[in-house]
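Engineer:
There are 2 protein chains.
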Amino acid sequence: MRTVIAVDAMGGDHGPAVTIPASVDFLAEHPEAELLLVGLPDVLAKELARHNPGPRLTVVPASQQVGMDEDVRSAIRTKKDSSMRVAIDLVKSGRAQACVSAGNTGALMGTAKFVLKTLPGIDRPAICAVLPTRKGQVYALDLGANADCTSEHLLQFAIMGACLVEAVEGKARPTVGLLNIGSEEIKGNEVVKAAGELLRKSPLNFYGNIEGNDIYKGTTDVVVCDGFVGNVALKTSEGLAKMLGDFLKEEYTRSIFTRLAAAVSYVVIKRFRRRVDHRYYNGAALLGLRGIVVKSHGSADRLAFRTALTRAASEVSHGVIERIGVEIARLNELGLLSAPAPAPATGGEEAAA
Amino acid sequence: MRTVIAVDAMGGDHGPAVTIPASVDFLAEHPEAELLLVGLPDVLAKELARHNPGPRLTVVPASQQVGMDEDVRSAIRTKKDSSMRVAIDLVKSGRAQACVSAGNTGALMGTAKFVLKTLPGIDRPAICAVLPTRKGQVYALDLGANADCTSEHLLQFAIMGACLVEAVEGKARPTVGLLNIGSEEIKGNEVVKAAGELLRKSPLNFYGNIEGNDIYKGTTDVVVCDGFVGNVALKTSEGLAKMLGDFLKEEYTRSIFTRLAAAVSYVVIKRFRRRVDHRYYNGAALLGLRGIVVKSHGSADRLAFRTALTRAASEVSHGVIERIGVEIARLNELGLLSAPAPAPATGGEEAAA
Chain H
924 MRTVIAVDAM
934 GGDHGPAVTI
944 PASVDFLAEH
954 PEAELLLVGL
964 PDVLAKELAR
974 HNPGPRLTVV
984 PASQQVGMDE
994 DVRSAIRTKK
1004 DSSMRVAIDL
1014 VKSGRAQACV
1024 SAGNTGALMG
1034 TAKFVLKTLP
1044 GIDRPAICAV
1054 LPTRKGQVYA
1064 LDLGANADCT
1074 SEHLLQFAIM
1084 GACLVEAVEG
1094 KARPTVGLLN
1104 IGSEEIKGNE
1114 VVKAAGELLR
1124 KSPLNFYGNI
1134 EGNDIYKGTT
1144 DVVVCDGFVG
1154 NVALKTSEGL
1164 AKMLGDFLKE
1174 EYTRSIFTRL
1184 AAAVSYVVIK
1194 RFRRRVDHRY
1204 YNGAALLGLR
1214 GIVVKSHGSA
1224 DRLAFRTALT
1234 RAASEVSHGV
1244 IERIGVEIAR
1254 LNELGLLSAP
1264 APAPATGGEE
1274 AAA
Chain A
924 MRTVIAVDAM
934 GGDHGPAVTI
944 PASVDFLAEH
954 PEAELLLVGL
964 PDVLAKELAR
974 HNPGPRLTVV
984 PASQQVGMDE
994 DVRSAIRTKK
1004 DSSMRVAIDL
1014 VKSGRAQACV
1024 SAGNTGALMG
1034 TAKFVLKTLP
1044 GIDRPAICAV
1054 LPTRKGQVYA
1064 LDLGANADCT
1074 SEHLLQFAIM
1084 GACLVEAVEG
1094 KARPTVGLLN
1104 IGSEEIKGNE
1114 VVKAAGELLR
1124 KSPLNFYGNI
1134 EGNDIYKGTT
1144 DVVVCDGFVG
1154 NVALKTSEGL
1164 AKMLGDFLKE
1174 EYTRSIFTRL
1184 AAAVSYVVIK
1194 RFRRRVDHRY
1204 YNGAALLGLR
1214 GIVVKSHGSA
1224 DRLAFRTALT
1234 RAASEVSHGV
1244 IERIGVEIAR
1254 LNELGLLSAP
1264 APAPATGGEE
1274 AAA
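Chains as they are written, first to last, in our numbering: chain H, 924 to 1276; chain A, 924 to 1276.
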């Protein structure tokens, strides 16, 4: 079966100028894939004219756009024909198996929840991203969808993260770490302590508490935290990496001599940058929905957006949603999950953080 | 008046091998200062014999030591003659104006709270550290003393952080940022949203919500968060910096050619390292106590521990405690603080995170 991915071609800081060339690159690499490019037809046509997209790229028209700062309510209520909404609708209708957007996170999560609904047994979808570590990479969630979480939510995140790693990385029984402020069981706030108890009882391969420095050490395959903590940790990392990069650049461009040192170090610096280049880690999974949705960084360039498309294709081919469904059902039978709350009718309209 | 600082000479991963040379260095730089070196006399004598400490360093004997993993209850109940406890007692009795320890954070905070008590109007002391930013430096608190906080606690942290910056940096009306997951007022968890309201009503120079990346951007002078989030952000930063440093080192030592590039880049790398060298930022203030207590990183070396001593001396000479007291009283009169809770009799024995 052909993998069909809907692309919100208007989303992100650069819109079609990035999403279209990235789509063309992706198709060249994935001969089994097909893309549905959603957006304003005129705007897309102009950019498409510069490329040779071939027959596996189809334009699906949408007359509106969701702004990068637009409120989720406004996006859902007044932008029913936005490129973002139409891309998600294509997943809902089954015409696409996944959608990718670099649009604003809150609107994307809110609209996806509203249109696709959550999986049975999952109260709240979570944002799961991949980060580089000393040993390889780690999947961390939630990175910002849920500012207030219960211990049950953290357990659900752990299940979803483990299923994703098992499916996409082909790793059996991935280790799960609970982000905390100490390794002892008594450490942490009340929610995290209770989540630790739930995780110890669960059939997951629970490593135990981990601390912030364990994320980049690669201590576990999955890191679980609430969306507030995860978002702060992620953005703090971005800020620190940017500062260190700027400082290094400043020192290397300080004088003619340091510029010479930079020239001599060219290969070293290039290899170093490649190892931590966030573009190769772009594309966060919105997990827990009845459909695959991947969020690209808003500032993604051609390479980064292509990575996000590849991630969506990988989730499709590895049946991530089905695996999460099976695992949740198994834990439900074991009585390890609280009864799934019925999806609230207005759930999708709540502001996602 | 001479500044007298009590030093827990046994604390930290290296004990007297670091604390004594650092003390000697500190005294050479601070002709007005005097140190009370607390620890096992035999052990201290052995290390002191290698240096020329001079008359401004006095040994105060203590027969016990608090272990780096020791529980706060055990430290308070069974180690009444530990170097840590005696150093804090010296502050309580007024013989020293501050104490510095590289011992375990939980035991230090718990013992300090138990012995010194909190300032009127302060419910919970907080850990405040200095971090480098692109513009200079930022004071961040709480970094791990309080895993569960109320919005009032966050307001108190903001007041203490602002007082510290005003006093030590001589900066009038420092800006205060509330660490959150978005800049809009509606963002964040319930506690943070309520804290935002309190901060907007306060006479502090409240900048508003900031995000993780603002920490290292240097957007504000003070960053306020609960101890869980702060600890995760700090340790995540440590882990990321370590990983990036290791990667850079690996690339520079990969071959004879890259080693040559490293040699050519020696000055650049040295200057870069100097700018972000954590040893120059060592020494976290335990704020909110009726006395100055500075916590050094456990793994501090001679230079780092000297930085912590210098920080304590600066807090003494700038009257940080008095300033916090005045500011809290002022806000109390304005009715902006909830009535100070009486210090619980067993408060100091609670486990500090």
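Glycine included, C-beta positions come from ideal geometry on N, C-alpha and C.
What's the C-alpha gap between A940 of chain H and F949 of chain A?
Structural biologist: Straight-line Cα distance between these residues: approximately 58 Å.
Engineer: For the stretch 1056 to 1088 of chain H, which residues have a CB atom closer than 8 Å to at least one CB atom of chain A, in sequence order?
Structural biologist: So the list reads T1056, R1057, G1067, A1070 and D1071, given in the order they occur along the chain.
Engineer: Using 8 Å as the cut-off, can you tell me whether the stretch 1017 to 1033 of chain A makes contact with the stretch 1094 to 1102 of chain A, which would need three or more C-beta pairs spanning the two stretches below that distance?
Structural biologist: No: the two stretches stay apart, fewer than three of their Cβ pairs being nearer than 8 Å.
Engineer: Give the C-beta separation of A1070 of chain H and L1209 of chain H to the nearest angstrom, bearing in mind that I take them to be a contact with Cβ-Cβ under 8 Å.
Structural biologist: The Cβ separation is near 16 Å, so there is no contact.
Engineer: The alpha helix (DSSP H) with I1138 of chain H in it runs from where to where?
Structural biologist: Per DSSP, I1138 of chain H belongs to the alpha helix (DSSP H) from G1135 to K1140.
Engineer: Look up C1022 of chain H in the DSSP assignment and say whether it is helix, strand or coil.
Structural biologist: If DSSP states are grouped into helix, strand and coil, C1022 of chain H belongs with the strands.
Engineer: Could you name the residues that DSSP lists as bridge partners for N1112 of chain H?
Structural biologist: DSSP, once it has assigned bridges, lists no residue as partnering N1112 of chain H.
Engineer: Mind listing the chain H neighbours of R1194 of chain A? Cutoff is C-beta to C-beta under 7 Å, in chain order.
Structural biologist: Per Cβ cutoff of 7 Å: E1174.
Engineer: Where does the unbroken alpha helix (DSSP H) through P944 of chain H begin, and where does it stop?
Structural biologist: Segment P939 to E952, the alpha helix (DSSP H) holding P944 of chain H.
Engineer: Please list, in chain order, the chain C residues whose beta carbon lies closer than 7 Å to that of G1033 of chain H.
Structural biologist: Here chain C cannot be found, since the structure's protein chains are H and A.
Engineer: So what does G962 of chain H bridge to, in DSSP terms?
Structural biologist: According to DSSP, G962 of chain H bridges with H:P984.
Engineer: Cβ closer than 7 Å: which chain A residues qualify as neighbours of K1158 of chain H?
Structural biologist: Ordered by position in chain A, the residues that pass the 7 Å Cβ test against K1158 of chain H are E1134, G1135 and N1136.
Engineer: Rounding to the nearest angstrom, what Cα-Cα distance links L1260 of chain A and T1001 of chain H in this structure?
Structural biologist: Cα-Cα distance, rounded: 43 Å.
Engineer: List the residues of chain H that S1237 of chain A touches, going by C-beta distances under 8 Å, in chain order.
Structural biologist: Result: empty, since nearest Cβ-Cβ is about 25 Å, beyond 8 Å.
Engineer: Using 10 angstroms around the beta-carbon of D1169 of chain A, count the other beta-carbons present and answer buried if the total reaches 16, otherwise exposed.
Structural biologist: When all chains shown are included, D1169 of chain A counts as exposed.
Engineer: If you draw a straight line from the C-alpha of A968 of chain A to the C-alpha of F1151 of chain A, how long is it?
Structural biologist: Cα to Cα, the separation comes out at about 40 Å.
Engineer: Find out if the Cβ-Cβ distance for the pair D1012 of chain H, Q987 of chain H is shorter than 7 Å.
Structural biologist: Going by C-beta atoms, D1012 of chain H is not nearer than 7 Å to Q987 of chain H.
Engineer: Just to make sure I have the definition right: I need the residues of chain A whose C-beta is within less than 8 Å of the C-beta of T1098 of chain H. Which are they?
Structural biologist: Ordered by position in chain A, no residue passes the 8 Å Cβ test against T1098 of chain H, which lies about 17 Å from the chain.
Engineer: With distance defined between alpha-carbon atoms, name the residue in A:K1140, A:A1052, A:G1211 and A:E955 nearest to H1201 of chain A.
Structural biologist: Comparing Cα-Cα distances from H1201 of chain A to each of A:K1140, A:A1052, A:G1211 and A:E955, the minimum goes to A:A1052.
Engineer: Does the stretch 1055 to 1071 of chain A come close enough to the stretch 1171 to 1186 of chain A to have 3 or more Cβ pairs within less than 8 Å?
Structural biologist: Output reads no: the stretch 1171 to 1186 of chain A does not touch the stretch 1055 to 1071 of chain A.
Engineer: Using the C-alpha atoms, what's the distance from K1040 of chain A back to A945 of chain A?
Structural biologist: Distance between the alpha carbons of A945 of chain A and K1040 of chain A is about 29 Å.
Engineer: In angstroms with no decimal places, state the Cα-to-Cα distance between E957 of chain H and A1010 of chain H.
Structural biologist: The straight-line gap from Cα to Cα measures roughly 14 Å.
Engineer: My parser needs the alpha helix (DSSP H) runs of 4 or more residues fully inside the stretch 1008 to 1060 of chain A; what are they?
Structural biologist: Listed in chain order, they are 1028 to 1039.
Engineer: Counting Cβ pairs closer than 8 Å, one from the stretch 1242 to 1249 of chain H and one from the stretch 1063 to 1078 of chain H, do we hit at least three?
Structural biologist: Taking 8 Å as the limit for Cβ pairs, the verdict is that the stretch 1063 to 1078 of chain H does not touch the stretch 1242 to 1249 of chain H.
Engineer: Indicate whether R1347 of chain H and E955 of chain H have their beta-carbon atoms separated by less than 7 Å.
Structural biologist: In the structure displayed, chain H extends from 924 to 1276; residue 1347 of chain H sits before or after that span and is not available.
Engineer: From V927 of chain A to S1222 of chain A, what does the alpha carbon distance come to, in whole angstroms?
Structural biologist: Distance between the alpha carbons of V927 of chain A and S1222 of chain A: 24 Å.
Engineer: According to DSSP, is G1150 of chain A part of a helix, a strand, or is it coil?
Structural biologist: The answer is helix: DSSP assigns G1150 of chain A an H, G or I state.
Engineer: Buried or exposed: which applies to T1176 of chain H, given that a residue is buried once 16 or more other Cβ atoms fall within 10 Å of its Cβ?
Structural biologist: With fewer than 16 Cβ atoms within 10 Å of its Cβ, T1176 of chain H is classed as exposed.
Engineer: On the DSSP bridge list, what partners appear for E957 of chain H?
Structural biologist: H:V927.
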